[in-house]
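Residue numbers (the UniProt record's numbering): 1 to 215.
Everything on this sheet refers to the single structure shown next.
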Ligand SMILES: [Fe+2]
């Protein structure tokens with residue numbers, strides 16, 4: 001049975017950005033344009049990653065699985081359809097906030113986001129405990145490695161930067177060294193510098209230094 005976990009890294013990144021958004025949403029003063037704009041920017045990062053991720057799963061991970069095990073992708077695809085509707089509605093609401101919302105409107109959005117968060121966490125738990133096993137049982141590590149490489153090749157640089165921004169700080173140093181080591185080897189030096197700048201802004205100085213010293 002294969003050992004590569006296809007969902008582990010992106011899901012750690014998603015859990016990070018979703019939790020961060022929930023935390024910021026809880027304290028943001030919508031009447032303060034700077035705070036509201038920061039929340040919208042964090043929300044834009046989160047929705048970009050959520051959309052990129054569902055497309056990757058539908059068009060790569062679940063597509064491969066379905067080709068090998070007929071019917072095995074149905075449950076997750078169905079979840080994706082339901083979650084995307086909620087996600088799109090939340091994104092639309094966030095974009096349309098202008099700072100004159102009432103306390104009740106803001107609290108209602110906070111609660112809607114919280115329900116979405118719980119549904120999303122349950123969905124990715126299912127993927128990591130059921131779908132992940134199906135992938136490991138039906139593909140070799142070599143095949144799973146090539147699936148991941150094909151996904152990475154298709155991601156645009158700005159979206160890849162976003163994945164690094166939220167995934168690297170959310171995983172162990174050992175996992176990050178594996179990911180960044182490969183990137184350092186394959187990416188142009190300027191691009192790698194940009195990745196480091198983005199990560200540095202998201203990590204404790206001590207953890208960042210320890211990571212970079214080992215690269
Ligand atoms: Fe999913």
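Cβ coordinates follow ideal geometry from the N, Cα and C atoms, glycine included.
Per the coordinates, the alpha-carbon of residue 177 lies some 7 Å from the alpha-carbon of residue 211. Annotation for residue 124 indicates a beta carbon within 7 Å of some heavy atom of ligand 1. Scanning its chain for C-beta atoms nearer than 7 Å, with the 5 sequence neighbours on each side dropped, one finds around residue 29 the residues 35, in chain order. The beta carbon of residue 123 lies closer than 7 Å to those of 79, 83 in the same chain, with the five residues before and after it left out. Using a cutoff of 7 Å, the CB of residue 17 does not count as near ligand 1, since none of the ligand's heavy atoms is closer than that. Assigned with DSSP and collapsed to three states, residue 169 falls in helix. The beta carbon of residue 77 is closer than 8 Å to those of 58, 62 in its chain, skipping five residues each way along the sequence.
Per the Cβ contact rule, the segment 32 to 51 is not in contact with the segment 186 to 202 (fewer than 3 Cβ pairs under 8 Å).
For the pair residue 55 and residue 170, the CB atoms are not nearer than the 8 Å cut-off. Here residue 182 carries a helix assignment [DSSP, helix/strand/coil].
In summary, residue 167 is buried, with 16 or more beta-carbon neighbours lying within 10 Å of its beta-carbon over all protein chains present. If you compare the alpha carbons of 109, 70, 6, 165 with that of residue 89, the shortest gap goes to 109. Between residue 91 and residue 47, the C-beta gap is smaller than 8 Å, which places the two residues in contact. Given a length threshold of 3 residues, the segment 15 to 98 has no whole run of the beta strand (DSSP E) inside it.
Using a Cβ distance threshold of 8 Å, residue 24 and residue 39 count as a contacting pair.
The distance from the Cβ of residue 134 to that of residue 6 is about 11 Å, inconsistent with a contact at the 8 Å cut-off.
In this structure, the beta-carbon distance from residue 60 to residue 147 falls below 8 Å. In terms of Cα proximity to residue 68, the closest of 192, 131, 10 is 131. Per DSSP, reduced to three states, the secondary structure at residue 215 is coil, with no helix or strand assignment. Taking C-beta atoms as the reference points, residue 52 and residue 159 count as a pair closer than 8 Å. Our two residues, residue 81 and residue 139, have alpha carbons roughly 26 Å apart in a direct line.
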